[in-house]
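Heads up: the protein sequence lines correspond to chains E and U, in order. For any residue, its number in my numbering is found by taking its place in the first sequence, counting from 1, and adding 280. For any residue, its number in my numbering is found by taking its place in the second sequence, counting from 1, and adding 420.
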Amino acid sequence: MIISVASGKGGTGKTLVATSLALSLKDSYQVQLLDCDVEEPNDHILIKPFITRSEAVSIPVPAVDKGKCTHCGKCAEVCAYHAIAVMGEYVLTFPELCHGCGACSYLCPEKAITEVPNKIGIIETGQADGIIFGHGKLSIGQPMAPPVIRKVKELIDKNNLVIIDTSPGTSCPVVEAIKGSDFCLLVTEPTPFGLNDLILAVETVRQLRVPFGIVLNRAGVGDNKTEEYCRKENIPILMIIPMDAKIASCYSQGIPLVEGIPEYRISFIRLYEKIGDFINERSRSLKR
Amino acid sequence: MKEVVVLSGKGGTGKTSIVGSLAALVQKKVLADCDVDAADLHLLLNPSAKQENEFRSGQVAVIDKDTCVQCGLCQEICRFDAIHDYVVDPISCEGCGFCSHICPVGAISMNECKAGDWFISDTKYGPLVHARLGIAQENSGKLVALVRQKAKEIAENDDLDYIISDGPPGIGCPVISSLSGAGLALIVTEPTLSGIHDMERVLDVCKHFGVPAMVCINKYNINEANTRKIEDHCYAQGIKVAVKIPFDNVVTEAMVRGIPVVEYSDGVVAREMKKLWNIICDALTEKVKK
């Protein structure tokens, strides 16, 4: 089972939910926690894993053999990202624009282009108190998160209970992270910004055809329009976490919610049971 | 004309609430919402759209079933695992076009996508350029660049002094696109360990692209020990901490009413916002003098 945790709006509690869910289930299941917010990974701050392996993530970028190149311009013509340009006798490459598709090297009639790795980030793996942990870190100044996310997701072992934390928003890094999940938890807060971005996130997971439910965090702030929306759209609210200064204080110090306030452990176990029920119910109704 | 972009690394630290307040406080400016995949600034500024345009960008491969001979070459060479059973998954396709170039029977064409919409709107605080990236679309960086370009044109045509941009969270493509060439980056952080970690990374990005930065600590009193850590880090890096804004529910109350917090309450949050703008102005003029 793969459960991803997303939100639309940032700062609604994805990391809090992903880490506490992992910690609450680790005694009953082999949990694998993968932080796919590779721009700003935070799960390690709460989970404090012992990192045992670190590996560079690279994408293959073109290197041109000047001796073989005839400046025909084919590479520049086929590159959809303007990552290679031919100016007279010179061929310029722009590695930060390259998506590593391989078209230029394959299509070069002189076979003058080879591919060399360009490091854009790292992935790190380790253990945290029985939880198998992995995350990616995009290098400073690098624009493209999806290749790093794909690399983190290669760590998925489907025999495990896999929990994937994602970045905020609804664009390609979020889609890349959620894709292939059995269920997506959308963490939101009952404010106008929270609701606006939740609606965008709902559209995204619907497009990906991933079943989903809501965790309503900081309940009590703002208004009740988020709950109205969920009722109207028939979206299940699977867990409600109230606005509580103690929760905020734990989070600020990097203490997971279920360690700061252990009573929450049972709530997260229930959350997982509800996800299981929801998926079973859905597969039964699909069969019918 | 000077451009200030508000960033944070971590999401939900208060970027949009701050930009909304600056919108109400600052004269002669254009506003730009560069968080194109989860834009919220319009919820505070109540814009009426003057101009609505399609954003077309990127391509997606389409296989013509009747021409396809099912040789499988496209599936073999696609590095994005986007083709299965001779059908392209538009969500995985990155639009590189490699498959269309190598298909031996010319069965693959590249279709341009509608990747979103962008708007120029009037608000009671001045013009706003904003956008909406299509669901599950790529190219957010290009849409951000377009929003900034339009804001700049408005500032030039209307002889405005400032562009104030609400940036996206993170450090990747849309952040780089919001940041490069701006006059100043205001980094909004909060005194949580995650907030500090993410602020450090986005400050590194500012440094990488040579954009001067200053920091605003929001909800500083939720953990004063961490606030001191932020101040120490900034001091060591030679970065100014402009203001410290206390946690106050008036920020959420103003959001629920759909107005900037400085128009809802004239308490301590509003005072700090005013002080923040004065400090930003000083920094921008100082830079020009240099």
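Built from N, CA and C at the ideal position, the CB exists for glycine as well. All values derive from a computational prediction rather than experimental measurement.
Inter-residue spacing [alpha-carbon to alpha-carbon] between residue i and residue j
i: residue 524 of chain U; j: residue 389 of chain E; result: 16 Å
i: residue 422 of chain U; j: residue 605 of chain U; result: 11 Å
i: residue 379 of chain E; j: residue 451 of chain U; result: 32 Å
i: residue 550 of chain E; j: residue 438 of chain U; result: 38 Å
i: residue 672 of chain U; j: residue 464 of chain U; result: 11 Å
i: residue 534 of chain U; j: residue 597 of chain U; result: 20 Å
i: residue 466 of chain U; j: residue 538 of chain U; result: 16 Å
i: residue 457 of chain E; j: residue 284 of chain E; result: 8 Å
i: residue 643 of chain U; j: residue 531 of chain E; result: 10 Å
i: residue 607 of chain U; j: residue 495 of chain E; result: 28 Å
i: residue 465 of chain E; j: residue 688 of chain U; result: 36 Å
i: residue 372 of chain E; j: residue 352 of chain E; result: 13 Å
i: residue 611 of chain U; j: residue 397 of chain E; result: 38 Å
i: residue 579 of chain U; j: residue 340 of chain E; result: 46 Å
i: residue 655 of chain U; j: residue 603 of chain U; result: 21 Å
i: residue 343 of chain E; j: residue 369 of chain E; result: 15 Å
i: residue 427 of chain E; j: residue 281 of chain E; result: 23 Å
i: residue 441 of chain E; j: residue 461 of chain E; result: 11 Å
i: residue 426 of chain U; j: residue 590 of chain U; result: 12 Å
i: residue 540 of chain E; j: residue 292 of chain E; result: 18 Å
i: residue 594 of chain U; j: residue 306 of chain E; result: 36 Å
Test item: CB-CB of residue i and residue j under 8 Å
i: residue 323 of chain E; j: residue 298 of chain E; result: yes
i: residue 300 of chain E; j: residue 544 of chain E; result: yes
i: residue 410 of chain E; j: residue 429 of chain E; result: no
i: residue 680 of chain U; j: residue 459 of chain U; result: no
i: residue 500 of chain E; j: residue 555 of chain E; result: no
i: residue 420 of chain E; j: residue 628 of chain U; result: yes
i: residue 457 of chain U; j: residue 553 of chain U; result: yes
i: residue 418 of chain E; j: residue 425 of chain E; result: yes
i: residue 444 of chain E; j: residue 337 of chain E; result: no
i: residue 502 of chain U; j: residue 488 of chain U; result: no
i: residue 450 of chain E; j: residue 480 of chain E; result: yes
i: residue 470 of chain U; j: residue 583 of chain U; result: no
i: residue 472 of chain E; j: residue 431 of chain U; result: no
i: residue 609 of chain U; j: residue 428 of chain U; result: yes
i: residue 479 of chain U; j: residue 515 of chain U; result: yes
i: residue 624 of chain U; j: residue 448 of chain U; result: no
i: residue 432 of chain E; j: residue 538 of chain E; result: no
With 16 other Cβ atoms within 10 Å as the buried cut-off, status of residue i
i: residue 459 of chain E; result: buried
i: residue 469 of chain E; result: buried
i: residue 498 of chain E; result: buried
i: residue 364 of chain E; result: buried
i: residue 710 of chain U; result: Unreliable positioning characterises residue 710 of chain U in this predicted model, as indicated by a pLDDT of 48, which lies under 50. The coordinate reading is nonetheless provided below. Result: exposed.
i: residue 392 of chain E; result: buried
i: residue 367 of chain E; result: exposed
i: residue 422 of chain E; result: buried
i: residue 455 of chain U; result: buried
i: residue 485 of chain U; result: exposed
i: residue 512 of chain E; result: exposed
i: residue 507 of chain U; result: exposed
i: residue 348 of chain E; result: exposed
i: residue 490 of chain U; result: exposed
i: residue 542 of chain E; result: exposed
i: residue 546 of chain E; result: exposed
i: residue 502 of chain E; result: buried
i: residue 399 of chain E; result: exposed
i: residue 531 of chain U; result: exposed
i: residue 577 of chain U; result: exposed
i: residue 569 of chain U; result: exposed
7 Å Cβ shell around residue i - same chain, five flanking residues per side excluded
i: residue 329 of chain E; result: 406, 407, 408 and 413
i: residue 696 of chain U; result: 636, 662 and 663
Cutoff 6 Å; reference residue i; Cβ partners in own chain excluding five residues on either side
i: residue 325 of chain E; result: 534
i: residue 453 of chain U; result: 459, 461, 550 and 586
i: residue 477 of chain U; result: 535, 559 and 562
i: residue 556 of chain U; result: 511
i: residue 477 of chain E; result: 288 and 289
i: residue 631 of chain U; result: 599, 602 and 605
i: residue 523 of chain E; result: 498, 500 and 501
Close-in-space but distant-in-sequence residues of the same chain around residue i (CB under 8 Å, 5 per side omitted)
i: residue 332 of chain E; result: 405, 406 and 407
i: residue 374 of chain E; result: 362, 363, 364 and 365
Cβ-heavy atom distance, residue i to the ligand MG, below 7 Å
i: residue 310 of chain E; result: With respect to small molecules bound, the structure shown includes none, and the ligand MG cannot be examined in it.
Length-filtered (3 minimum) beta strand (DSSP E) runs lying within the segment 581-634 of chain U:
582-586 and 604-609
Segments assigned beta strand (DSSP E), at least 3 residues, entirely inside the segment 534-571 of chain U
546-553
What residue ranges within the segment 450-495 of chain U form continuous alpha helix (DSSP H) runs of no fewer than 4 residues, ordered along the chain?
Counting whole runs of 4 or more residues, the segment 450-495 of chain U contains the alpha helix (DSSP H) stretches 462-465.
Considering only residues of the segment 478-522 of chain E, which uninterrupted alpha helix (DSSP H) runs meet the minimum length of 4 residues and lie entirely inside it, listed in chain order?
505-513
Restricting to runs no shorter than 4 residues, where is the alpha helix (DSSP H) found entirely within the segment 393-433 of chain E?
426-433
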